[in-house]
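Input: a single structure, listed below in structure tokens.
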Amino acid sequence: MARNDALLRITKLLLAKRTQLRKRLGMQLDQLDKGPTVGDSAEAAFTASGEEIATQLAQLDARELGHIELALHRVKQGMYGVCNGCEVKIPVARLDALPYSVLCIKCAREAEKDSRWLDDRLSTLDFNKMGESASRELSLADFDLSK
Ligand SMILES: [Zn+2]
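The sequence shown begins at 1 in our numbering and counts up by one.
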């Protein structure tokens, strides 16, 4: 049971982190939407570089959010904490350090060599569908952690 308690605790963290990231990403995208303000050229240049940084930050956040969505997808399948590659149980210590990890260390190394691995996994997820279920406040009861 100790493992399930740990998984439950980490799942709560993931949900909180997702809410936080979604909020932040929403604000960043809002800012980008407003576009450059009209002013003198120096000001315009400053705005442009600021936007570049904002875009990069948004991309980082979006990527992290993708990892988290993938992990929560595994939770929903009752497969969180089980390696997506070889199906061994991922040690809680690894999940504590990297809550959105869906791979054991061995498979993560393999995935690092092939950067398309994660993108392939992410592309199979239906984010719109996930958004729907999230909008009715995802609760821990939605997750089957008994496996
Ligand atoms: Zn593995």
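Virtual Cβ for every residue (Gly too), placed ideally from N, Cα, C.
Being a predicted model, the structure only gives us computed values, none of them experimental.
Anyone know if the C-beta pair for P99 and I10 falls short of 8 Å?
The residue you call residue 99 lines up with position 99 of the sequence shown. The residue you call residue 10 lines up with position 10 of the sequence shown. Yes; because the gap between Cβ atoms is below 8 Å, this pair is in contact.
State the Cα-Cα distance for the pair L32 and R3, rounded to the nearest angstrom.
The residue you call residue 32 lines up with position 32 of the sequence shown. The residue you call residue 3 lines up with position 3 of the sequence shown. Using only the alpha carbons, I get a separation of about 42 Å.
L95 and G85 closer than 8 Å at C-beta
Residue mapping note: residue 95 aligns to position 95 of the sequence shown, counting from 1. Residue mapping note: residue 85 aligns to position 85 of the sequence shown, counting from 1. Against a cut-off of 8 Å, the Cβ pair of G85 and L95 comes out as no contact.
Sheet register partners of V82 (DSSP bridge)
For the purposes of this step, residue 82 is identified with residue 82 of the sequence shown, where counting begins at 1. DSSP output for V82 lists K89 as bridge partner(s).
What is the rounded straight-line gap between the Cα of S115 and the Cα of R24?
Within the sequence shown, residue 115 is the residue found at index 115, counting from 1. Within the sequence shown, residue 24 is the residue found at index 24, counting from 1. So the alpha carbons of these two residues sit roughly 26 Å apart.
Span of the alpha helix (DSSP H) holding Q31?
Along the sequence shown, read from residue 1 onward, the residue named residue 31 stands at position 31. That run of the alpha helix (DSSP H) goes 2-34.
Please tell me whether, using a cut-off of 7 Å, the distance from the CB of K12 to the nearest non-hydrogen atom of ligand 1 is below it.
Here residue 12 corresponds to residue number 12 of the sequence shown, with the count starting at 1. Not under cutoff, so the answer is no.
Within its chain, find whatever has a CB closer than 8 Å to the CB of R121; leave out the 5 residues flanking it on each side and keep chain order.
Here residue 121 corresponds to residue number 121 of the sequence shown, with the count starting at 1. Excluding residues within five positions, the ones whose Cβ falls inside 8 Å are L70, N84, V102.
Range covered by the alpha helix (DSSP H) that runs through C107:
For this step, residue 107 is matched to residue 107 along the sequence shown. Element bounds for C107: 105-113.
Between L103 and ligand 1, is the CB less than 7 Å from at least one heavy atom?
To locate residue 103, count along the sequence shown from 1; it is residue 103. Correct: L103 has its Cβ closer than 7 Å to ligand 1.
So L14 packs on I68, CB below 8 Å; how close in whole Å?
If you number the sequence shown from 1, residue 14 lands on position 14. If you number the sequence shown from 1, residue 68 lands on position 68. Right, their Cβ atoms sit about 6 Å apart.
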